[in-house]
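To start, the structure under review is shown below, and the notes come after it.
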Amino acid sequence: MKPSLSGLRRGFRLPRRLKITFEGKGFILLTLGVGVAAVNTGNNLLYIALSMNLSLIVLSGILSEWCIRGVTVLVRHASEAFASRESLLAITCFAGGKRFPPTALSVSLAFDGARLTARFPEIPAGGESTRILSVRPARRGALSPGSCSISTLFPFALFEKSMDVLPRASLVVYPEPADAASSPRGEDAPEPAGAGRIPGREGTEIRGAREHAPADPVRDIHWKASARMGRWMVKERERESAPVANLRLPVPCTPIEFERLVSRACAFVLRCDREGRPYRLWVGDRVCVDASRGGRRAEALAFLAFVDADGTLPGEGGAS
28 MKPSLSGLRR GFRLPRRLKI TFEGKGFILL TLGVGVAAVN TGNNLLYIAL
78 SMNLSLIVLS GILSEWCIRG VTVLVRHASE AFASRESLLA ITCFAGGKRF
128 PPTALSVSLA FDGARLTARF PEIPAGGEST RILSVRPARR GALSPGSCSI
178 STLFPFALFE KSMDVLPRAS LVVYPEPADA ASSPRGEDAP EPAGAGRIPG
228 REGTEIRGAR EHAPADPVRD IHWKASARMG RWMVKERERE SAPVANLRLP
278 VPCTPIEFER LVSRACAFVL RCDREGRPYR LWVGDRVCVD ASRGGRRAEA
328 LAFLAFVDAD GTLPGEGGAS
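Heads up, the sequence shown is in this note's numbering, so the first residue is 28 and it goes up one at a time.
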């Protein structure tokens, strides 16, 4: 089979791309004019000016290459991401091993046809810098950038040099929560014997401290524990055991109907977590997430982000 033209282009793609800016075009025209004048007149001063202009072009290429080489990119969530809703991404550039700070960098990422650009005026030498961007994911599941490139105008803004990079990214988009009117209430089931009490926010007795979750109110922050641990901690209270709410996702199911059910299940998980209510997620006849003792919000949302209409996760052979 003969290789396609696009495949040949990808195989012979240069490691760097160079784009001439408006100022660069004017500088090149000026350089050509000085060169023509030097040849026609034989004026040594014009030859010196031509040499200086050509040296600036070479110096621009060397310095811009130094600026972008060795820079790595990390993309992570700055807030929980739900499908069809605005969320925040943190774009971090690392300049490890550099003695001088890279300047005038731009990081461009493509997500589902939308392009995001983060600008870094300066990154500390050997350090890192972070920018926060807004993104609206179209669907649940893994979110990976289609392409990522680093570019710079350093030092004279005559040329824009760019290179493709592979960012470190592990992004998960949760399903779009259904509105309150259509979200299910779940079926109540008795708590198993010996389960004891579960963490809650309405109780008066404090049993300890745990890490802060997005749904925790500010009034529950445990200030002493937060200062001691170096991160936000909240008071973990006790209250009487509550009946466990069960939500069942029927499988197999048509993809359109299953997406609607997953959206309702997402709203169910968020409401239970906000109210401190225990719950279980069922897919068919099996329990996939058991949050009867609380603290399983991230696991439940991640499960709903990846579950297929046949009740399996990517990589599974089938529902057990």
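Note that CB positions come from ideal geometry on N, CA and C, so glycine has one too.
Can you check which of these residues, the options, is closest to residue i by C-alpha distance?
i    : options                   : result
G124 : R96, T130 and P172        : R96
G311 : V162, H249, Y201 and C280 : C280
I233 : V261, F183, A117 and P241 : V261
R146 : T130, F186 and Y306       : T130
G154 : L132, R43, R237 and P128  : P128
S178 : W250, R291, V134 and L160 : V134
V162 : G140, R264 and L86        : G140
N273 : V316, G53, Y74 and E263   : V316
A336 : P305, S290, S171 and G322 : S290
A236 : S253, P244, M79 and R246  : S253
A8   : R43, K46 and P204         : Not covered by the structure: residue 8. The range shown for the chain is 28 to 347.
G173 : A184, L81, R44 and P194   : P194
A196 : L185, T99 and S156        : T99
L198 : V63, A329 and I55         : A329
E92  : T339, L180 and I55        : L180
K299 : V314, E286, R313 and R323 : The sequence given here places Cys at residue 299; Lys does not occur at that position. Residue R323 is the option with its Cα nearest to C299.
R304 : K52, T339, P270 and E238  : P270
A152 : S176, A184, C94 and L136  : C94
T119 : N71, S87 and C175         : C175
S57  : I84, N71 and H104         : It should be noted that the sequence gives Leu, not Ser, for residue 57. The candidate whose alpha carbon is nearest that of L57 is I84.
A137 : D191, R264 and V245       : D191
E263 : L276, R255 and I248       : I248
P244 : W259, R255 and K251       : W259
R301 : H239, R255 and T339       : H239
L340 : V278, V296 and R307       : V278
A117 : L90, E286 and T157        : T157
G51  : L276, R44, E284 and A184  : A184
Just mark residue i as buried or exposed, buried being the case when its beta carbon has 16 or more other beta carbons within 10 Å.
i    : result
V334 : buried
E267 : Low confidence applies here, because E267 scores a pLDDT of 49, under 50, leaving its location unreliable and the question unanswered by this model.
K188 : buried
T144 : exposed
I159 : exposed
S319 : buried
A327 : buried
V61  : buried
S106 : exposed
W309 : buried
A110 : buried
V66  : exposed
R113 : Just to set this straight, residue 113 is Glu in the shown sequence, not Arg. The residue in question, E113, is exposed, as its Cβ has fewer than 16 Cβ neighbours within 10 Å.
F49  : exposed
G257 : exposed
G53  : exposed
S87  : buried
L132 : buried
P164 : buried
L331 : buried
Would DSSP call residue i helix, strand or coil?
i    : result
C315 : strand
S290 : helix
N70  : coil
R44  : strand
K251 : helix
W309 : strand
G322 : coil
L340 : coil
F121 : strand
T99  : strand
V296 : helix
F281 : Note that residue 281 is Thr in the sequence shown here, rather than Phe. DSSP places T281 in coil when its eight states are reduced to three.
F183 : coil
R304 : coil
E50  : helix
E92  : helix
A76  : helix
V334 : coil
R246 : helix
A327 : helix
Going by DSSP, name the residue or residues bridged to residue i.
i    : result
R275 : W309
A65  : In DSSP, A65 forms no bridge with anything.
D191 : S176
T130 : E149
I233 : R264
L170 : L198
A108 : Note: A108 sits in no beta bridge, so no partner.
F138 : A141
R158 : I118
E238 : M260
Inset, instruction - Mind the definition here: the region 166-180 touches the region 74-88 only if three or more C-beta pairs lie below 8 Å; say whether that holds. - result: No, they do not touch.
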